[in-house]
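Take a look at the structure set out below.
2 protein chains.
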Amino acid sequence: MASSLVHLSSPAGGRTAAAPPSLLSRFSPNFCAFATLRPGPTRPTAATPKHARARTCAEQEQKQEVAAPCRDAYEKPAVWNTTAADSAEAAPPLRVGIIGFGNFGQFIARGIQRQGHAVLATSRSDYSAYCSAQGIRYFRSLEALCEEQPNVLLVCSSILSTEAVVRAIPFHKLRSDTIVADVLSVKQFPRNLLLEILPPEFGIVCTHPMFGPESGKHGWSTLPFVYDKVRLADKGDQKANCGQFLSIFEGEGCRMVEMSCAEHDRHAAASQFITHTIGRVLAQLNLKSTPINTKGFEALLKLTENTVSDSFDLYYGLFMYNVNATEQIEKLERAFEKVKQMLYGRLHDILRKQIVERVPI
Amino acid sequence: MASSLVHLSSPAGGRTAAAPPSLLSRFSPNFCAFATLRPGPTRPTAATPKHARARTCAEQEQKQEVAAPCRDAYEKPAVWNTTAADSAEAAPPLRVGIIGFGNFGQFIARGIQRQGHAVLATSRSDYSAYCSAQGIRYFRSLEALCEEQPNVLLVCSSILSTEAVVRAIPFHKLRSDTIVADVLSVKQFPRNLLLEILPPEFGIVCTHPMFGPESGKHGWSTLPFVYDKVRLADKGDQKANCGQFLSIFEGEGCRMVEMSCAEHDRHAAASQFITHTIGRVLAQLNLKSTPINTKGFEALLKLTENTVSDSFDLYYGLFMYNVNATEQIEKLERAFEKVKQMLYGRLHDILRKQIVERVPI
Chain A
1 MASSLVHLSS
11 PAGGRTAAAP
21 PSLLSRFSPN
31 FCAFATLRPG
41 PTRPTAATPK
51 HARARTCAEQ
61 EQKQEVAAPC
71 RDAYEKPAVW
81 NTTAADSAEA
91 APPLRVGIIG
101 FGNFGQFIAR
111 GIQRQGHAVL
121 ATSRSDYSAY
131 CSAQGIRYFR
141 SLEALCEEQP
151 NVLLVCSSIL
161 STEAVVRAIP
171 FHKLRSDTIV
181 ADVLSVKQFP
191 RNLLLEILPP
201 EFGIVCTHPM
211 FGPESGKHGW
221 STLPFVYDKV
231 RLADKGDQKA
241 NCGQFLSIFE
251 GEGCRMVEMS
261 CAEHDRHAAA
271 SQFITHTIGR
281 VLAQLNLKST
291 PINTKGFEAL
301 LKLTENTVSD
311 SFDLYYGLFM
321 YNVNATEQIE
331 KLERAFEKVK
341 QMLYGRLHDI
351 LRKQIVERVP
361 I
Chain B
1 MASSLVHLSS
11 PAGGRTAAAP
21 PSLLSRFSPN
31 FCAFATLRPG
41 PTRPTAATPK
51 HARARTCAEQ
61 EQKQEVAAPC
71 RDAYEKPAVW
81 NTTAADSAEA
91 APPLRVGIIG
101 FGNFGQFIAR
111 GIQRQGHAVL
121 ATSRSDYSAY
131 CSAQGIRYFR
141 SLEALCEEQP
151 NVLLVCSSIL
161 STEAVVRAIP
171 FHKLRSDTIV
181 ADVLSVKQFP
191 RNLLLEILPP
201 EFGIVCTHPM
211 FGPESGKHGW
221 STLPFVYDKV
231 RLADKGDQKA
241 NCGQFLSIFE
251 GEGCRMVEMS
261 CAEHDRHAAA
271 SQFITHTIGR
281 VLAQLNLKST
291 PINTKGFEAL
301 LKLTENTVSD
311 SFDLYYGLFM
321 YNVNATEQIE
331 KLERAFEKVK
341 QMLYGRLHDI
351 LRKQIVERVP
361 I
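First to last, the protein sequences are chains A and B. Numbering follows UniProt numbering, with no gaps: position 316 of the first sequence is 316. Numbering follows UniProt numbering, with no gaps: position 62 of the second sequence is 62.
What follows is the structure, given as structure tokens:
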């Protein structure tokens, strides 16, 4: 899950890996070439730029060739028509079940829908009205959602509630080729949790969309999406479904970063957690804008504002659920001590010179 | 003196004060209206936008009406011609003597020259070749510079060497209406130093141009310039010369902020010093760019880079020469302790619940 601080990384210096072409290429047919061959719900291709896809959908709606808007794909998964000619090229839309439908779940759902996939949702709170307006099927229980057997179960709960949520999934209701994915800002914890709790045949994809409703409000282009394909069966649809799931974010323009969960957590502790910690410390300082703010100070004010707009639970999660966080906070403490020692040490040197060596200032 | 961190403040929320119009208005004649009346060195007006002034100079050079380039005004202060008609409107260019001609002194000198004033310089190092190329008279000693009796003596030395520099000024060589100004990032220290050491008839203007060669390389427009007219004689030319000196920065487009030295130091400790401290702490951490940098982390990397590009002496100066800095560093320490206590406290609460109350995670 992303926070308002975890957005837009620099393209420079980053190890960027797109999803392997072998997986994604099958979702990149020239849809327009055969769109007129078959009526029924259509799905834009993952690799088509978003604006081009938007035109495609709009044009098709104009031509009355589409029976239902793209986002209603979930209503009629059974009537998705494929011909022998295109079945090897086009895959049916995914049905993604989102568990935890707060701000972040809703935000991710919009991207999934834009890419022509169906969203099913459940949450502790009742989002049925919102979902109804958005063309999303809302389920009052996790059990009811799982009975619909979504291809991907996307856990969008907070770090602190994820273990309870995962333990509550009625796995027996799901197909054995289901993929379970998460979006937490820490990655080793959900990886190990899912490996421990999920039936061994279930697929596992750990992801970290490093953006959120604020930073991604004008689109997801260039925003980093970290993922680790933790476990996928060689046989069956898991690899294809995983590729299709990742192609949602690729299709939205994200910078795809494939990285092990362990590596993610090392990098995140040394960057994201440090950033949040500085923001939290400055928030405690109660920094105020002055008539003589510098650019650097303005950047710190902005950082503080963004930090406190996230819950303390998120910050605590970044600390508690990342094995590298304690080391980083200890390094930060030593760095602060070192700076103070440099300041006071020099001051004391000058004073001693005056007092002992009788050197005037 | 500015650091690479002390630049561009937000226009919002700031108390902004332009120099009083009563002082500056006399330096705002429509020069073009009488430029053709008199040959000789010309000076663009303070209130004319920079680009307009640049055109004015260029046009005049094209017309061969100007005997010497604007920056050579110092060569012929005696031949500055005024007529009875314009003497009330136009003031002769200032002769500004800069003590300490390192990067920052040179940077400020360029603005002074752009506004048509003459620069005289002296420094510990030999800048005679540079000055010769820039149309600046260089003096190998402070004594020699003072013999030229500049209107304004601008101290551009570092915080740490300012006291020695000021004590070395041969005041008896200067006119008694000389104005001494400084550009330090702390203000109460030079204010009290100048009040203590200068002959009582000398004018004192303490300033802080909150920008430097890096942040001001594309012009000084909107960059904050803080000033405090500490002591100006009611009689004589001091007030007029001070207005003319401040009009250099106003003419360059700076955001003029009039503020007492004490107020400056309170604000600067709570903003600039905190910013430098965070940058110094992060530099000790040896932060590295990661493949998953967030925007917030990128801002911290930039801050760190800017901080270490300034000397440790500057940072030490911000600490040692600002009476509010110790309080701020202590507040920062307490804020850091508070954040750690919030993290570890919550962790311990959870562990105790498990151990004592036997509540499973």
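Quick reminder that beta carbons are idealized off the backbone N, C-alpha and C, glycines included.
(1) Between the segment 151–169 of chain A and the segment 303–319 of chain A, do three or more beta carbon pairs fall short of 8 Å?
(2) Could you list which residues in chain B have their beta carbon closer than 7 Å to that of residue 319 of chain A, in chain order?
(3) Checking contacts by CB at 9 Å: is residue 210 of chain B closer than that to chain A?
(4) Against chain A, with Cβ distances strictly below 9 Å, would residue 229 of chain B count as a contact?
(5) Below 9 Å between beta carbons: does that hold for residue 142 of chain A and residue 96 of chain A?
(6) Residues in its own chain within less than 6 Å of residue 254 of chain A by CB, not counting five upstream and five downstream?
(7) Does the contact criterion of 3 or more C-beta pairs under 8 Å hold for the segment 327–335 of chain B versus the segment 267–285 of chain A?
(8) I'd like to know if residue 353 of chain B contacts chain A, where contact means its C-beta is closer than 9 Å to some C-beta of that chain.
(9) Using alpha carbons as the reference points, say which of A:217, A:109, A:242 and A:307 lies closest to residue 152 of chain A.
(10) Using a Cβ-Cβ cut-off of 8 Å (strictly less than) and excluding sequence neighbours within five positions of residue 125 of chain B, which residues of its own chain qualify?
(11) Return the residue from the list B:318, B:300 and B:252 that minimises the CA-CA distance to residue 269 of chain B.
(12) Can you have a look at residue 137 of chain A and say buried or exposed, based on whether 16 or more other CB atoms are within 10 angstroms of its CB?
(13) Verify the CB distance criterion: does residue 284 of chain B have a CB-CB separation below 9 Å to chain A?
(14) Return the first residue and the last residue of the alpha helix (DSSP H) that residue 135 of chain B is part of.
(15) Starting from the beta carbon of residue 257 of chain A, find every residue of chain B whose beta carbon is closer than 8 Å, and list them in chain order.
(16) In chain order, what residues of the same chain lie with their CB nearer than 7 Å to the CB of residue 190 of chain A, ignoring the 5 residues before and after it?
(17) Which residues in the same chain as residue 173 of chain A place their Cβ atom closer than 6 Å to its Cβ, once the five residues preceding and following it in sequence are excluded?
(18) Hey, residue 277 of chain A and residue 296 of chain B: beta-carbon distance below 9 Å or not?
(19) Go through its chain and collect everything with a Cβ distance to residue 291 of chain B's Cβ below 8 Å, but skip five positions before and after it.
(20) Do you know how far the Cα of residue 121 of chain B is from the Cα of residue 128 of chain B?
(21) In this structure, what does DSSP give as the bridge partners for residue 256 of chain B?
(22) Decide if residue 196 of chain A is buried, meaning its Cβ has at least 16 other Cβ atoms within 10 Å, or exposed.
(23) Classify residue 53 of chain A as helix, strand or coil using the three-state DSSP reduction.
(24) For residue 146 of chain A, which three-state DSSP category applies?
(25) Check each candidate in B:165, B:90, B:115 and B:211 and name the one with the smallest Cα separation from residue 98 of chain B.
(26) Tell me, please, whether the CB atom of residue 215 of chain A is closer than 9 Å to any CB atom in chain B?
(27) Buried or exposed for residue 73 of chain B, going by 16 or more other Cβ atoms inside 10 Å?
(28) Pick helix, strand or coil for residue 290 of chain B, following the three-state DSSP scheme.
(29) Which residue comes first and which comes last in the alpha helix (DSSP H) that contains residue 268 of chain A?
(30) Closer than 8 Å to a non-hydrogen atom of the ligand GTP - does that hold for the CB of residue 245 of chain B?
(31) Use the C-beta contact count for residue 132 of chain B: other C-beta atoms within 10 angstroms, 16 or more gives buried, fewer gives exposed.
(32) Shortest alpha-carbon distance to residue 259 of chain A belongs to which of A:168, A:288 and A:188?
(33) Using a C-beta cutoff of 9 Å, does residue 316 of chain B count as contacting chain E?
(34) Can you give the Cα-Cα distance for residue 354 of chain A and residue 320 of chain B, rounded to whole angstroms?
(35) At a Cβ cut of 9 Å, what residues of the segment 244–276 of chain B count as close to chain A, listed as they run along the chain?
(36) Just to confirm, are residue 212 of chain B and residue 107 of chain B a CB contact at a threshold of 9 Å?
So, from the data block:
(1) yes
(2) 343
(3) yes
(4) no
(5) no
(6) 220, 223 and 225
(7) yes
(8) no
(9) A:242
(10) 101 and 102
(11) B:318
(12) buried
(13) yes
(14) It is not in any alpha helix (DSSP H) - residue 135 of chain B carries neither H nor E in the DSSP assignment.
(15) 291 and 292
(16) 162, 182, 184 and 206
(17) 146 and 147
(18) no
(19) none
(20) 9 Å
(21) B:225
(22) exposed
(23) Residue placement at residue 53 of chain A is poorly supported in this model, since its pLDDT is 42, which falls under 50; the coordinates still yield a value, given next. It is helical.
(24) helix
(25) B:165
(26) yes
(27) With a pLDDT of 42 at residue 73 of chain B, under the threshold of 50, the modelled position of this residue cannot be trusted, and the question is left open.
(28) coil
(29) 261–268
(30) Within the structure as shown, the ligand GTP is missing, as the structure has no ligands at all.
(31) exposed
(32) A:188
(33) No chain E appears in this structure, whose protein chains are A and B.
(34) 16 Å
(35) 257, 259, 263, 264, 266, 267, 268, 270, 271, 272, 274, 275 and 276
(36) yes
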